[in-house]
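First the structure, in the form of structure tokens, and then the observations on it.
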Amino acid sequence: MVVGIVKYPRQADDLKLRWQGGVREGLHREIVKLGWPISSKPNVLRSAPPLRLLREFLPIAALLSGLVSLAIWPLVRSIEQGEVATLTAEARGALQESRSDIEWRFFETLADIRVISQLPRVREAVNSPTPEQLRPLNGIFRTFMESYGRYSSFTLVNRQGRSLVHEGPADLTPGLEESTTCANLTQGHEALLAKAWALDPGQFVVSPVHWYQDQATKPACQPLMELAVPMGGSPGKVEFVLLVHILLNPLLQEQHRILQLHNISVLSAILDPQGHAINSNTTASGHIGGSEAWTARPDPEAWLAIRRILFEQNIFPASLRTDRQGLFIFSQVNPLNTRRVPGQQLEDGTTRPSRQILAMEAKDWPWVLLIQIPNKTLQTHEYLGTSKGWTLLVALYLSAALVALSLAYARLLRRLSQEDLLRHSAELELLARTDSLTGLPNRRSLEELVNYELARWQRHQIPLAVLMLDLDHFKTVNDQNGHAVGDAVLVAFSRTCQAELHNTDTLARWGGEEFLALLPNTDHCQAETLAERLRQAVAALSIPVLETADPAEAPSRSAATLRITTSIGIASCHDDSGNFDTLLREADEALYAAKEAGRNCIRYVQTGLQTASEWCPKRRTSHLCSGMAAQE
Numbered sequence: 044m045v046v047g048i049v050k051y052p053r054q055a056d057d058l059k060l061r062w063q064g065g066v067r068e069g070l071h072r073e074i075v076k077l078g079w080p081i082s083s084k085p086n087v088l089r090s091a092p093p094l095r096l097l098r099e100f101l102p103i104a105a106l107l108s109g110l111v112s113l114a115i116w117p118l119v120r121s122i123e124q125g126e127v128a129t130l131t132a133e134a135r136g137a138l139q140e141s142r143s144d145i146e147w148r149f150f151e152t153l154a155d156i157r158v159i160s161q162l163p164r165v166r167e168a169v170n171s172p173t174p175e176q177l178r179p180l181n182g183i184f185r186t187f188m189e190s191y192g193r194y195s196s197f198t199l200v201n202r203q204g205r206s207l208v209h210e211g212p213a214d215l216t217p218g219l220e221e222s223t224t225c226a227n228l229t230q231g232h233e234a235l236l237a238k239a240w241a242l243d244p245g246q247f248v249v250s251p252v253h254w255y256q257d258q259a260t261k262p263a264c265q266p267l268m269e270l271a272v273p274m275g276g277s278p279g280k281v282e283f284v285l286l287v288h289i290l291l292n293p294l295l296q297e298q299h300r301i302l303q304l305h306n307i308s309v310l311s312a313i314l315d316p317q318g319h320a321i322n323s324n325t326t327a328s329g330h331i332g333g334s335e336a337w338t339a340r341p342d343p344e345a346w347l348a349i350r351r352i353l354f355e356q357n358i359f360p361a362s363l364r365t366d367r368q369g370l371f372i373f374s375q376v377n378p379l380n381t382r383r384v385p386g387q388q389l390e391d392g393t394t395r396p397s398r399q400i401l402a403m404e405a406k407d408w409p410w411v412l413l414i415q416i417p418n419k420t421l422q423t424h425e426y427l428g429t430s431k432g433w434t435l436l437v438a439l440y441l442s443a444a445l446v447a448l449s450l451a452y453a454r455l456l457r458r459l460s461q462e463d464l465l466r467h468s469a470e471l472e473l474l475a476r477t478d479s480l481t482g483l484p485n486r487r488s489l490e491e492l493v494n495y496e497l498a499r500w501q502r503h504q505i506p507l508a509v510l511m512l513d514l515d516h517f518k519t520v521n522d523q524n525g526h527a528v529g530d531a532v533l534v535a536f537s538r539t540c541q542a543e544l545h546n547t548d549t550l551a552r553w554g555g556e557e558f559l560a561l562l563p564n565t566d567h568c569q570a571e572t573l574a575e576r577l578r579q580a581v582a583a584l585s586i587p588v589l590e591t592a593d594p595a596e597a598p599s600r601s602a603a604t605l606r607i608t609t610s611i612g613i614a615s616c617h618d619d620s621g622n623f624d625t626l627l628r629e630a631d632e633a634l635y636a637a638k639e640a641g642r643n644c645i646r647y648v649q650t651g652l653q654t655a656s657e658w659c660p661k662r663r664t665s666h667l668c669s670g671m672a673a674q675e
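When we follow our numbering, the leftmost residue of the sequence shown carries the number 44, and every step to the right adds one.
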């Protein structure tokens, strides 16, 4: 039995390469669908030898390394400045949070005292100050002291300076002599009471911060602030004053936690305008006393600069860097600023009267919130000038060179990969328009060309003909000899037809064993002549095949000859064939007529003819056109 092994070595090699190429390009098409570069790495390595890499990489690497090296020094400086700026921003955020917290706590305190002064029992006692009416006030005051912990004492004083009701330590009542240790920071109650008598009911007067001692805190002094609330009587004729002692340590106990930065050791303090530490984390429990009374106060030069920025230039929050004490970040806070609810912006008309809360001395307000980052802490962020810094610099220089080299190499890889992608894109475009087996244009490519030629025919009436060719009994060839021989037959058929066609003609594989020839500038007579020449060339084609399936035995085996024939249908443009579908249908009908007539013949169908002109081996005429005219 004849088996499908092609004898011609060139034809077999060509077929093998085409099949391998088809599989390879099929993989490329799948890769393109996924959006990946088409085999960029093998092609790049193949197209970029080491010498080319050295020539192209080294100048780029040297240039980039130099630029990066020049940028290292300011980069390190900017990193250092950025870390300091981050610390400053974090400190300013802490100051803002602390400021809001202090304002809110004082707002709550003033609200408590207002509630106390407006209680019915308290108002009744003020209006009728009998012992029976005054006695329940001690319980009310004690409840507030135990509930909140920030009130040291409540005292109700009449105009004669006599204490009608007192709840709290006895050593804090008006007129008692305070500790001599804290006397230098203490002011008496007389000035506070004198100012309170001149106020209207509902207003407040606040004393400056002063310090006191008790048995629990000796020898340290605790900060205390007094608040006087006029009560009873008519405006300008107040009969009583409620004197409240407020402990600032419980009130400000959360400030050290708020002012502490993340993983950074800092000093924080709340200072009065004279620089006295009202609350500080530099001493135990924030107390001020003895030799520790000034530990939280900056040096005179730094403090003068801070005062000038805050109280003269009105800039806050602000920062100050000194060589001796490090970095200061500071802001103002005025706990008496109750014209708005802390954290809220009230509408016009809903604010409190601006003169509701008065201070004894304007110079005692506002306070100063201060965060100090010592130089020792800041130096942990300075890399230059140390062994660690030089090690980092060397590492950065080496890293910059490596990064520059990598960037240059990656840039070249990208460019070569783009070139490879463009080349494969062109190959894919070619594959999309050609048949992978025969190399002929495929159906898509032919349809575009036919539409162009039809447009030319419609405009300029240039003749146009189409040949539809079909291999006779091709299925039998495949069944008896195998698909390899069938593929070889298709290749041999396409080459034979191409050799007979003109350069302006186009032969395309339409599908399976069907081929379509587009003949521009060719009328019916010329198309029939060419079709006959094609039929004869195919009939004369002899395809040798071997009678063994083993290629190693091919030289010692005899060869069989395979012959093929073709049927051809012809269609040409006329007035009714205005599109490709009509032209294709007529060619297909002519081909079907040739098959019905016994194959290996030519048929032509044209609208208006009762029969089809034919050219078969069994019947020949002296002239094609004259024979057709006789049939018409």
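Note that CB positions come from ideal geometry on N, CA and C, so glycine has one too.
Roughly how many angstroms lie between the CA atoms of S195 and F150, to the nearest whole one?
Using only the alpha carbons, I get a separation of about 18 Å.
Between the alpha carbons of S82 and R552, how many angstroms are there, rounded?
At S82, the pLDDT of 42 sits below 50, so the modelled position is not reliable; the number obtained from the coordinates is stated separately. Between S82 and R552, the C-alpha separation is close to 30 Å.
Check whether the segment 572-579 touches the segment 533-552, counting contact only when three or more Cβ pairs, one atom from each stretch, lie closer than 8 Å.
Touching, per the Cβ criterion.
Closest to L512 by CA distance: which of A320, D618 and Y635 is it?
Per the Cα distances, Y635.
State buried or exposed for T129, treating a residue as buried only when at least 16 other CB atoms are found within 10 Å of its CB.
Its Cβ having fewer than 16 others within 10 Å, T129 is exposed.
Can you say whether H209 is buried or exposed, counting buried as having 16 or more other CB atoms within 10 angstroms of its CB?
Under this definition H209 is a buried residue.
For L363 and P417, I'd like the C-alpha separation in whole angstroms.
Each residue's Cα considered, the two are about 12 Å apart.
Where are the beta strand (DSSP E) runs, 3 residues long or more, that stay fully inside the segment 347-382, in chain order?
Runs of the beta strand (DSSP E) inside the segment 347-382: 361-365 and 369-376.
Which same chain residues end up closer than 6 Å to W433 when comparing Cβ atoms and leaving out the 5 residues on each side of it in sequence?
Cβ neighbours of W433 beyond the five flanking positions: none.
How do the segment 181-199 and the segment 280-290 stand: do at least 3 beta-carbon pairs fall below 8 Å, yes or no?
With a cut-off of 8 Å, the segment 280-290 and the segment 181-199 count as touching, because enough Cβ pairs lie within range.
Measuring straight from C-alpha to C-alpha, what distance separates S12 and P179?
Because residue 12 is not part of the residues shown, which for the chain are 44 to 675, the question remains open.
With a cut-off of 8 Å, do at least 3 Cβ pairs link the segment 612-619 to the segment 582-589?
Not touching, per the Cβ criterion.
To the nearest angstrom, how far is it from the Cα of S479 to the Cα of G554?
Distance between the alpha carbons of S479 and G554 is about 12 Å.
Can you find the residues in the same chain that come closer than 7 Å, C-beta to C-beta, to A137, ignoring five residues on each side of it along the sequence?
Excluding positions up to five away in sequence, the list reads I301, L302, L304 and I414.
Given that a residue counts as buried once 16 or more other Cβ atoms are within 10 Å of its Cβ, and exposed if not, what is P266?
Under this definition P266 is a buried residue.
Looking at C-alpha atoms only, which residue of V376, V534, A498 and P506 is the closest neighbour of S141?
The option with the nearest alpha carbon to S141 is V376.
Taking all protein chains shown into account, do 16 or more other C-beta atoms lie within 10 angstroms of the C-beta of F156, making it buried, or fewer, making it exposed?
It should be noted that the sequence gives Ile, not Phe, for residue 156. By the neighbour-count rule (16 or more Cβ atoms within 10 Å), I156 is buried.
Taking its Cβ as the centre, do 16 or more other Cβ atoms sit within 10 Å of T519, making it buried, or is it exposed?
Exposed.
Drop a sphere of 10 angstroms on the beta-carbon of W254, count the other beta-carbons inside from all chains shown, and report buried for 16 or more, exposed for fewer.
Result: buried.
Is it true that the CB of A239 sits closer than 8 Å to the CB of V284?
For V284 and A239, yes; Cβs fall inside 8 Å.
Rounded to a whole number of angstroms, what is the C-alpha to C-alpha distance between M17 and P212?
Residue 17 falls outside the range modelled here, since the chain spans only 44 to 675, and no answer is possible.
Go through the segment 472-541 residue by residue and report every complete run of the beta strand (DSSP E) that reaches 3 residues or more, in order.
Runs of the beta strand (DSSP E) inside the segment 472-541: 507-514.
According to DSSP, is L760 part of a helix, a strand, or is it coil?
Summary: the structure shown does not reach residue 760, with the chain confined to residues 44 through 675, and so no result is reported for it.
Kindly identify the DSSP beta-bridge partner or partners of H288.
H288 pairs with S196 and E269.
Between L441, A582, R487 and A134, which has its C-alpha nearest E472's C-alpha?
It is R487 whose Cα lies nearest to the Cα of E472.
In the DSSP output, what is Q415 paired with across the bridge?
For Q415, which the question treats as bridged, DSSP gives the partners L310 and F371.
Sort out for me which residues DSSP pairs G612 with in a bridge.
Bridge partners of G612: M511 and R646.
Could you pull out every residue in the same chain whose Cβ sits closer than 7 Å to the Cβ of P484, ignoring the five residues on either side in sequence?
R476, T477, T549 and A551.
What's the C-alpha gap between E233 and T198?
The straight-line gap from Cα to Cα measures roughly 14 Å.
From the DSSP output, in three-state form, read off N324 for me.
Correct three-state label for N324: coil.
Got a sec, what are the start and stop residues for the alpha helix (DSSP H) T625 sits in?
F623 to E639 is the extent of the alpha helix (DSSP H) around T625.
How many Å lie between P316 and L162 at the Cα?
Between P316 and L162, the C-alpha separation is close to 36 Å.
Per DSSP, P587 is paired with what?
Paired residues: T604.
Under the assumption that P200 contacts L286 (Cβ atoms under 8 Å), give the Cβ distance between them as a whole number of angstroms.
Rather than Pro, the amino acid found at residue 200 in this sequence is Val. V200 to L286, Cβ: 6 Å. Contact.
Any idea what DSSP makes of N201, helix, strand or coil?
It is a strand residue.
Can you say whether S323 is buried or exposed, counting buried as having 16 or more other CB atoms within 10 angstroms of its CB?
S323 is buried by the Cβ-count criterion.
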